[in-house]
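Position 75, counted from 1, in the sequence shown is what my numbering calls 153; the numbers after and before it change by one each time, with no gaps. Where a beta carbon is used, it is the ideal one built from N, C-alpha and C, also for glycine. All values derive from a computational prediction rather than experimental measurement. Inspection log for the structure reproduced underneath, given as structure tokens.
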Amino acid sequence: MANEILIPPIIRIGGGAIADAPGVLKDLGIRRPLIVTDGYLVRSGVAEWLRHQIEQAGIVCGVFTETVPDPTTEAVAAGLRAFVQGSHDGLVSLGGGSPIDTAKAIGMLAANGGRARDYKVPNRIPKKGPLHLAIPTTAGTGSEVTRFTVITDSETEEKMLIAGATLVPNAAIVDFELTMTMPARLTADTGTDSLTHAIEAHVSRKANAFADAFAMTAMKTIWAELPTAYREPGNRRAREAMMLGATQAGMAFSNASVALVHGMSRPIGAHFHVPHGLSNAMLLPAVTAFSMEGAERRYAECARAMGVADPSDGDAVSGRKLVDALFERNRELEVPSPKKYGISEGRYLQLIPTMAQQALASGSPQNNPRVPTAEEIEAIYRQIWE
Ligand SMILES: [Fe+2]
Numbered sequence: 079m080a081n082e083i084l085i086p087p088i089i090r091i092g093g094g095a096i097a098d099a100p101g102v103l104k105d106l107g108i109r110r111p112l113i114v115t116d117g118y119l120v121r122s123g124v125a126e127w128l129r130h131q132i133e134q135a136g137i138v139c140g141v142f143t144e145t146v147p148d149p150t151t152e153a154v155a156a157g158l159r160a161f162v163q164g165s166h167d168g169l170v171s172l173g174g175g176s177p178i179d180t181a182k183a184i185g186m187l188a189a190n191g192g193r194a195r196d197y198k199v200p201n202r203i204p205k206k207g208p209l210h211l212a213i214p215t216t217a218g219t220g221s222e223v224t225r226f227t228v229i230t231d232s233e234t235e236e237k238m239l240i241a242g243a244t245l246v247p248n249a250a251i252v253d254f255e256l257t258m259t260m261p262a263r264l265t266a267d268t269g270t271d272s273l274t275h276a277i278e279a280h281v282s283r284k285a286n287a288f289a290d291a292f293a294m295t296a297m298k299t300i301w302a303e304l305p306t307a308y309r310e311p312g313n314r315r316a317r318e319a320m321m322l323g324a325t326q327a328g329m330a331f332s333n334a335s336v337a338l339v340h341g342m343s344r345p346i347g348a349h350f351h352v353p354h355g356l357s358n359a360m361l362l363p364a365v366t367a368f369s370m371e372g373a374e375r376r377y378a379e380c381a382r383a384m385g386v387a388d389p390s391d392g393d394a395v396s397g398r399k400l401v402d403a404l405f406e407r408n409r410e411l412e413v414p415s416p417k418k419y420g421i422s423e424g425r426y427l428q429l430i431p432t433m434a435q436q437a438l439a440s441g442s443p444q445n446n447p448r449v450p451t452a453e454e455i456e457a458i459y460r461q462i463w464e
């Protein structure tokens, strides 16, 4: 079977690359873009600086700032109104995964109509949206290069996975200088999200040689550099490496897939508002231990790439060392259990069957090397509680 490989046709990578934004918009032929961003980037002045740069180049530019973490259908609807009322012809997303995912959904609905839930996996998105330049400000989701958006249904609280070739941005500007002010917690969580992308892409049932190359280099880099970026926010070398690693991990999972960690992570985020990377971190060691028997050789390759196993170790030993290293890394990055995070125990236990059904419905667990039953997913949710 052929693998369909998709990446943005224009990618500019490097410190200061955001200055290329007006030129990229001209190359794309966008004449009236809407910047989709959030309150933090408005307060920091970056959004206004970008708008000024674009307008200096003679391009009329609007700004939509009302995106929210874990973007909701309500926030997308507001963005769509701004896009239509301003007669915009393109999108510039500026921010972490939330503004980028919001812009993807705005574009999808502008072209196709209907509601976000009409397009959730496994449904298809028929028409291409307006052209989209994505500018990430976290080293995390990789959304600037992926075919996915995750939108929370405001009515049902479900975190919906939406996938399609039309969601791949037309251009990405990957500028690590935008990440220099990320606080430590956000650095740890978004970095662990990237690591999870790389590992899940490599062990996925949809893994392929193209995606593997990005997955292996990304996990090696992220594993080595994340503790430094966490402890020394101003370390430019670590920030640059993390930013590149996050984008490469995005290329990996967009062209392979994520798996059980992401499948189980989305419901935790939807019901308890745990940041995405943090709920991944809560799950990654336990899910890796559960999944090991389905892809021992592939997990061993991860362990060797990350340098947590010796080249002479066999696959079984390497796999065990990987699980141990992931538990240890969570201690180093001070990842809390759901209990320590402050989630209500009664509500968590009560929602476990629902979360298991939502995880399975997303399709991601079916890409896992060991495909779990609903009961096995429920057991993992109980196992990670404290
Ligand atoms: Fe993710």
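Here's the rule I'm using: 16 or more other beta-carbon atoms within 10 Å means buried, otherwise exposed. How should residue i be labelled?
i      : result
Ala285 : buried
Val162 : exposed
Asp253 : buried
Glu278 : buried
Ile83  : exposed
Pro86  : buried
Lys182 : buried
Lys418 : exposed
Val138 : exposed
Gln436 : buried
Glu360 : Checking the sequence shown, residue 360 turns out to be Met, not Glu. Flag for Met360 reads buried.
His130 : exposed
Pro247 : buried
Arg225 : buried
Ser442 : buried
Thr151 : buried
In whole angstroms, give me the CA-to-CA distance for residue i and residue j.
i      : j      : result
Asn446 : Asp402 : 20 Å
Ala434 : Arg344 : 11 Å
Thr274 : Asn358 : 7 Å
Glu144 : Tyr118 : 10 Å
Gly94  : Glu255 : 7 Å
Gly192 : Leu169 : 19 Å
Val199 : Met321 : 28 Å
Glu423 : Phe350 : 11 Å
Asp271 : Phe331 : 11 Å
Ile213 : Arg283 : 30 Å
Gln444 : Ile346 : 18 Å
Ser335 : Ser171 : 23 Å
Thr180 : Pro389 : 43 Å
Pro353 : Cys380 : 25 Å
Ile132 : Ala125 : 11 Å
Asp290 : Asn333 : 9 Å
Ile455 : Met238 : 18 Å
Ile113 : Ala387 : 45 Å
Tyr308 : Gly157 : 33 Å
His210 : Gly175 : 14 Å
Ala394 : Pro363 : 16 Å
Asp311 : Asp148 : The sequence as given places Pro at residue 311; Asp does not occur at that position. Approximately 24 Å, taken between the alpha carbons.
Ala367 : Asn313 : 33 Å
Glu233 : Leu356 : 24 Å
Glu406 : Pro111 : 45 Å
Tyr426 : Glu453 : 16 Å
Ala262 : Arg315 : 16 Å
Give the C-beta separation of residue i and residue j to the nearest angstrom, bearing in mind that I take them to be a contact with Cβ-Cβ under 8 Å.
i      : j      : result
Gly323 : Ile300 : 4 Å
Glu235 : Ala348 : 5 Å
Asp231 : Arg195 : 6 Å
Gln326 : Thr295 : 6 Å
Gly136 : His166 : Not really, about 16 Å apart at Cβ, beyond 8 Å.
Ile458 : Met342 : 7 Å
Based on Cα-Cα distance, which residue from the options lies nearest to residue i?
i      : options                        : result
Gly420 : Ala243, Trp463, Val449         : Trp463
Arg376 : His280, Arg409, Pro214, Asp271 : His280
Val223 : Arg460, Ala250, Asn201, Leu103 : Ala250
Met370 : Cys139, Arg448, Arg195, Asp290 : Arg448
Leu245 : Ala266, Lys237, Ala189         : Ala189
Leu404 : Asp391, Gly385, Pro416, Val141 : Gly385
Arg109 : Thr432, Val395, Ala99          : Ala99
Ala383 : Val339, Lys298, Pro149, Ala289 : Lys298
Ala466 : Ala289, Glu318, Phe288         : This structure leaves residue 466 out entirely; the chain is present only between 79 and 464.
Ile240 : Ser221, Met258, Glu233, Thr257 : Ser221
Pro450 : Val339, Asp148, Thr259         : Val339
Ala337 : Asp105, Gly164, Val365, Thr151 : Val365
Met79  : Gly101, Ala287, Leu264         : Ala287
Gln134 : Arg121, Thr150, Lys104, Tyr459 : Lys104
Say whether chain C places a C-beta atom closer than 9 Å to the C-beta of residue i.
i      : result
Glu236 : The chain labelled as chain C is not found in the depicted structure, where only one protein chain is given.
Are there any heavy atoms of ligand 2 lying less than 8 Å away from the beta-carbon of residue i, as far as the coordinates show?
i      : result
Thr299 : Among the ligands modelled here, namely ligand 1, ligand 2 does not occur.
Whole beta strand (DSSP E) runs in the stretch 232 to 294 with 3 or more residues, listed along the chain? Considered as a whole, the stretch 232 to 294 harbours 237 to 241, 249 to 252 as its complete beta strand (DSSP E) runs of no fewer than 3 residues, in chain order.
Could you tell me which uninterrupted alpha helix (DSSP H) segments, each at least 4 residues in length, are contained entirely in the stretch 290 to 345, listed from first to last along the chain? 314 to 333
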